[in-house]
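Encoded as structure tokens, the structure appears first; notes follow it.
Number of protein chains: 2
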Amino acid sequence: MPMQFDPPSGTRDFLARELETRERAFALIRSVFARYGFEPLATPAFERLDVLMGKYGEESDKLIFKILRRGEHEGTGEADLALRYDLTVPLARVAANYGSQLPVPYKRYAMGPVWRADRPGRGRYREFTQCDLDTLGTSSAMADAEVVCAVHDALAGLGVSGFRFLLNSRRVLAGLLEAFGVPAGLGPGVLITLDKLDKLAPGEVAAELTGRGLPEAKAGELVAAMTAADAAERIRDALKSSEEGSAGLDEVDSVLSLLAGQVPAERVDFTPRMVRGLSYYTGPIWEVVAEGVPGSIASGGRYDHLIEQLGGPDVPGTGGSLGVERILLLLPAAGDRHTRLDVAVTVMDARYAAPSFGFAAAARAAGLRASVYMGASGKLGRQLKWASDQGARWALIYGGADEEAGTVTVRDMTSGEQNAVPVSGLAGHLARLGRGAGAAGAG
Amino acid sequence: MPMQFDPPSGTRDFLARELETRERAFALIRSVFARYGFEPLATPAFERLDVLMGKYGEESDKLIFKILRRGEHEGTGEADLALRYDLTVPLARVAANYGSQLPVPYKRYAMGPVWRADRPGRGRYREFTQCDLDTLGTSSAMADAEVVCAVHDALAGLGVSGFRFLLNSRRVLAGLLEAFGVPAGLGPGVLITLDKLDKLAPGEVAAELTGRGLPEAKAGELVAAMTAADAAERIRDALKSSEEGSAGLDEVDSVLSLLAGQVPAERVDFTPRMVRGLSYYTGPIWEVVAEGVPGSIASGGRYDHLIEQLGGPDVPGTGGSLGVERILLLLPAAGDRHTRLDVAVTVMDARYAAPSFGFAAAARAAGLRASVYMGASGKLGRQLKWASDQGARWALIYGGADEEAGTVTVRDMTSGEQNAVPVSGLAGHLARLGRGAGAAGAG
Numbered sequence: 109m110p111m112q113f114d115p116p117s118g119t120r121d122f123l124a125r126e127l128e129t130r131e132r133a134f135a136l137i138r139s140v141f142a143r144y145g146f147e148p149l150a151t152p153a154f155e156r157l158d159v160l161m162g163k164y165g166e167e168s169d170k171l172i173f174k175i176l177r178r179g180e181h182e183g184t185g186e187a188d189l190a191l192r193y194d195l196t197v198p199l200a201r202v203a204a205n206y207g208s209q210l211p212v213p214y215k216r217y218a219m220g221p222v223w224r225a226d227r228p229g230r231g232r233y234r235e236f237t238q239c240d241l242d243t244l245g246t247s248s249a250m251a252d253a254e255v256v257c258a259v260h261d262a263l264a265g266l267g268v269s270g271f272r273f274l275l276n277s278r279r280v281l282a283g284l285l286e287a288f289g290v291p292a293g294l295g296p297g298v299l300i301t302l303d304k305l306d307k308l309a310p311g312e313v314a315a316e317l318t319g320r321g322l323p324e325a326k327a328g329e330l331v332a333a334m335t336a337a338d339a340a341e342r343i344r345d346a347l348k349s350s351e352e353g354s355a356g357l358d359e360v361d362s363v364l365s366l367l368a369g370q371v372p373a374e375r376v377d378f379t380p381r382m383v384r385g386l387s388y389y390t391g392p393i394w395e396v397v398a399e400g401v402p403g404s405i406a407s408g409g410r411y412d413h414l415i416e417q418l419g420g421p422d423v424p425g426t427g428g429s430l431g432v433e434r435i436l437l438l439l440p441a442a443g444d445r446h447t448r449l450d451v452a453v454t455v456m457d458a459r460y461a462a463p464s465f466g467f468a469a470a471a472r473a474a475g476l477r478a479s480v481y482m483g484a485s486g487k488l489g490r491q492l493k494w495a496s497d498q499g500a501r502w503a504l505i506y507g508g509a510d511e512e513a514g515t516v517t518v519r520d521m522t523s524g525e526q527n528a529v530p531v532s533g534l535a536g537h538l539a540r541l542g543r544g545a546g547a548a549g550a551g
Numbered sequence: 109m110p111m112q113f114d115p116p117s118g119t120r121d122f123l124a125r126e127l128e129t130r131e132r133a134f135a136l137i138r139s140v141f142a143r144y145g146f147e148p149l150a151t152p153a154f155e156r157l158d159v160l161m162g163k164y165g166e167e168s169d170k171l172i173f174k175i176l177r178r179g180e181h182e183g184t185g186e187a188d189l190a191l192r193y194d195l196t197v198p199l200a201r202v203a204a205n206y207g208s209q210l211p212v213p214y215k216r217y218a219m220g221p222v223w224r225a226d227r228p229g230r231g232r233y234r235e236f237t238q239c240d241l242d243t244l245g246t247s248s249a250m251a252d253a254e255v256v257c258a259v260h261d262a263l264a265g266l267g268v269s270g271f272r273f274l275l276n277s278r279r280v281l282a283g284l285l286e287a288f289g290v291p292a293g294l295g296p297g298v299l300i301t302l303d304k305l306d307k308l309a310p311g312e313v314a315a316e317l318t319g320r321g322l323p324e325a326k327a328g329e330l331v332a333a334m335t336a337a338d339a340a341e342r343i344r345d346a347l348k349s350s351e352e353g354s355a356g357l358d359e360v361d362s363v364l365s366l367l368a369g370q371v372p373a374e375r376v377d378f379t380p381r382m383v384r385g386l387s388y389y390t391g392p393i394w395e396v397v398a399e400g401v402p403g404s405i406a407s408g409g410r411y412d413h414l415i416e417q418l419g420g421p422d423v424p425g426t427g428g429s430l431g432v433e434r435i436l437l438l439l440p441a442a443g444d445r446h447t448r449l450d451v452a453v454t455v456m457d458a459r460y461a462a463p464s465f466g467f468a469a470a471a472r473a474a475g476l477r478a479s480v481y482m483g484a485s486g487k488l489g490r491q492l493k494w495a496s497d498q499g500a501r502w503a504l505i506y507g508g509a510d511e512e513a514g515t516v517t518v519r520d521m522t523s524g525e526q527n528a529v530p531v532s533g534l535a536g537h538l539a540r541l542g543r544g545a546g547a548a549g550a551g
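Chains B and V, in that order, are what the protein sequence lines are. With the numbering used here, letter number 164 in the first sequence gets 272, and the count goes up by one each step, no holes. With the numbering used here, letter number 106 in the second sequence gets 214, and the count goes up by one each step, no holes.
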């Protein structure tokens, strides 16, 4: 039976070009988060099974990759470890384990693979990168606003165009239910339905609300208020009647006033109908939408009890997650030509191996990517073809005539122009090329 | 039962300080490898079970972390996937899968975690980082020498001191057995024993050789030749009688002549008694030893049939591996003070939250790490204590007097010196501080 050579279902190999694009994006994100004083955290790929199970709900528990016990216990078919499913449960464990060693507030980012045994599909993987930043230990709206600013700067830095923050608060939503007289028992269901206003027609949403038991008039009134051109204003008015709603509005306004000057006003909208699916949020919530992209590319909010629920200490928290896999799809594609080398050095004859090796070293010393030809052909045309395949900008050619003249021929691979450079002057010449080549050399 | 909060046995959490040290080292290694034209490769954390099993020998197979089948198959207790055990088997799979898409030769590096269910111990982990670079598809000694040069530059760049390459060739070893008339059947055992010459006394090694069935006189002769002050010369002479040995010497000399000028001569020794445990090597082999460190910190060699044996195509290969976990222990420790922030901004009163937020943004725009105080205290002393705990070099203080005067107080956290800077001039002032702070800001 032939062996399969593709990576396991739902996983990917990353060859150089794609990997370099990913790593560049990840490095930019890291540097933005670091500038905000968020510090990195890395936890193991797997956790004890009991740390993960029961934290994500029954359906998600089934998607956890479990690791078989080893040695004499392997035969039991039992698992004792499992691949991490997200970066939040490990954060809760870390907060519990290192308590006093961590600064207060603890501002950390984490970026790395997580694993979910989901059915693989278009853009849905079993191994994918998550990127989270969170601040634990403060209830300040400054922490909420800081996360939003950092996510904004990361998206802007990556070159994502036409993105916008939708901002709301869980307390606004609670106040909304109160203000419109929605019975407490219907609340969660009503919010789930309202969250569909960006996908369904208002009439469909109203019908679904009625189906959930809301009187028809009330359902119509609610949908009308949420979809009006001046929805934010109408909801603001309606919320004044609710204590919880007023407190929620204050939260939203605090965050908005901190964002002023940091995030362009046209990139943030108070969006009362934005619900966020997850039930653990307790305060400000937000998501980022981008033109022409269904769903969100980043999201987050305040979750003041989640860390404790996940087994960590009782600390308030707020954070966000960049949907890096989706965001990577939005970035401008790299050029067609993949630059493996800046400088390709020919080896026209075995006796030139050592000097050619030295020329490549001189190019590297100038900060350029350089290597020698290692194929079997002694033909210049074949070696230059190799140089071109490597994306090299310059080829260094050294043959009999060069040896006699004490020169190296430097060929510009784009123009085909060639210059004989004295061996003694090569280092300086390469240094000048290196400065011209800018940052490309260092990888 | 209380939950355990430490990471699973044999794994580690990396908090900011240690993680930053690791990432800096990894980034340096990557940039060195890239300068040699090696390109990065990343493969999934897990592979199909059949890709891994039977590749490492029976004992090692037991150390593979197996992943339980999911869904309806979970009850069977069977595994279908397993965490990767090294980076070489995935390389063989990638070489088989992407054949014609890969350049020839294919020069790649990979750096990432691998997992082994070894008994955890001092410096032995179940999740640890491996770092490999390999060149597939060429038999040229230039490829062997290039790997050695790249490893040399990486170690030198990391600041590892007193390291040295021991260079040998499998063919030298084969020639040695021939030259000393060791019966073919005893060869592998004799090499295993000779490899102990750096740990055992010559007499002990000779005794072990005799135990393996070598005549006492021959054993003594062999050990004497290997341990003589002029061992390399004596072995060179002895090898002349063997065709295989002569070919091996030529290999060693080819690599040495390419290294001349790239790797200081005192850092490479032809070391005929250096065996390397693994049986798959076919040509030049090398390892790196460092002063005061038992064992090797890097190693590698040519393995012209391994990729095929591992299920890949029949291509020659040569490569090396940096023992990054061991190397990290050798690096100078970072200073005691951990710089989370360059600039810490006080928030003396809730009404200064927005301007303070803006000052932090200005500092970040100048490339500095900056954040605002988010604690509950309105006392300057407490806020400066926080700034100091963050390792901040400057604090920006903004209070009532500043508001009236239109200034921000910039405090040098080392000297305690304070300057009132006009708000309008703050960006320029911070830019000057940023230039002085150099690269520290960008993380």
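Even for Gly, the Cβ is constructed at its ideal location relative to N, Cα and C. What you are looking at is a predicted structure, and each value in this text was computed from that prediction instead of being measured.
By alpha-carbon distance to VAL259 of chain B, the top candidate from B:ASP345, B:ARG178, B:ALA406 and B:GLY542 is B:ALA406. Looking at the backbone, the Cα of ALA314 of chain B and that of ALA282 of chain B are separated by about 19 Å. With three or more CB-CB distances shorter than 8 Å, the region 358-378 of chain V counts as touching the region 386-400 of chain V.
Just so you know, the alpha carbons of GLN209 of chain V and VAL197 of chain B end up roughly 39 Å apart. Taking a Cβ-Cβ threshold of 9 Å, none of the residues of chain V is close to GLY542 of chain B; the smallest such distance is about 11 Å.
The beta carbon of GLY420 of chain V sits closer than 6 Å to the beta carbons of ALA200, ALA203 and ALA204 from its chain, once the five residues preceding and following it are set aside; these are given in chain order. Along the region 141-152 of chain V, the positions whose C-beta sits under 7 Å from a C-beta of chain B are ALA142, ARG143, TYR144, GLY145, GLU147, PRO148, LEU149, ALA150, THR151 and PRO152, read in chain order. Contact of ILE415 of chain B with chain V is not assigned, every C-beta pair being separated by 8 Å or more.
Between the alpha carbons of GLY403 of chain V and GLU433 of chain V lies a gap of roughly 13 Å.
Close CB contacts of SER429 of chain B within its chain, under the 7 Å cut and outside five residues either way in sequence, are with GLN238, CYS239, ASP240, ALA406, SER407 and GLY408 (chain order). Near chain V, meaning a CB-to-CB distance below 8 Å, the residues of the region 482-512 of chain B are MET482, GLY483, ASP497 and GLN498. Taking a C-beta distance under 8 Å as the contact criterion, THR318 of chain V and ALA327 of chain V qualify as a contact pair. In this structure, the beta-carbon distance from ILE435 of chain V to VAL222 of chain V does not fall below 8 Å. Residues of chain V whose Cβ lies closer than 7 Å to the Cβ of PHE113 of chain B are, in chain order, ARG201, ALA204 and ASN205. Looking at the DSSP output, GLN526 of chain V sits in a beta bridge with V:ARG519. Across the set B:PRO310, B:ASP306, B:LYS307 and B:LEU285, the C-alpha of B:LEU285 shows the shortest separation from the C-alpha of VAL298 of chain B.
The continuous beta strand (DSSP E) containing ALA503 of chain B extends over residues 502-505.
Taking the Cα positions, LEU189 of chain V is about 6 Å away from PHE154 of chain V. Take THR454 of chain V, set aside five residues on each side of it, and the residues of its chain with a beta-carbon closer than 6 Å to its own are TYR481, GLN491 and ILE505, in chain order.
C-alpha of GLN370 of chain V to C-alpha of LEU195 of chain B: approximately 44 Å in a straight line.
Interface annotation, GLU180 of chain B: not in contact with chain V, CB-CB separation never under 8 Å.
Taking the Cα positions, ALA339 of chain B is about 47 Å away from LYS174 of chain B.
If you ignore the 5 residues before and after TYR388 of chain V, its C-beta comes within less than 6 Å of the C-beta of TYR411 and LEU414, all in its own chain and listed in chain order. Counting other Cβ atoms within 10 Å of its Cβ, LEU322 of chain V reaches 16 or more and is therefore classed as buried. The region 262-276 of chain V makes contact with the region 119-136 of chain V: 3 or more CB pairs, one atom from each, lie closer than 8 Å. Put simply, the region 175-186 of chain V does not touch the region 243-256 of chain B. Fewer than three CB pairs are less than 8 Å apart. Within the model, the alpha-carbon separation for GLY508 of chain B versus MET456 of chain B is close to 9 Å.
Identification of chain B residues near LYS174 of chain V by a Cβ-Cβ cut-off of 9 Å yields ILE175, LEU176, ARG178 and GLU182, ordered along the chain.
For PRO392 of chain B, the three-state secondary structure derived from DSSP is strand.
In the DSSP assignment, TYR206 of chain V falls within the unbroken alpha helix (DSSP H) covering 196-206.
Counting only residues of its own chain and dropping the five nearest sequence neighbours on each side, VAL531 of chain B has a CB closer than 7 Å to the CB of GLY514, THR515 and VAL516. DSSP places ALA478 of chain V within a strand segment (E or B) once states are collapsed to three. When 7 Å is used as the limit between beta carbons, SER248 of chain B is near these residues of chain V: MET482, in chain order. At least 8 Å separates the beta-carbon of LEU149 of chain B from that of ARG192 of chain B. Among the bridge pairs identified by DSSP, LYS215 of chain B is matched with B:THR243. Residue range 425-430 is occupied by the beta strand (DSSP E) that includes THR426 of chain V.
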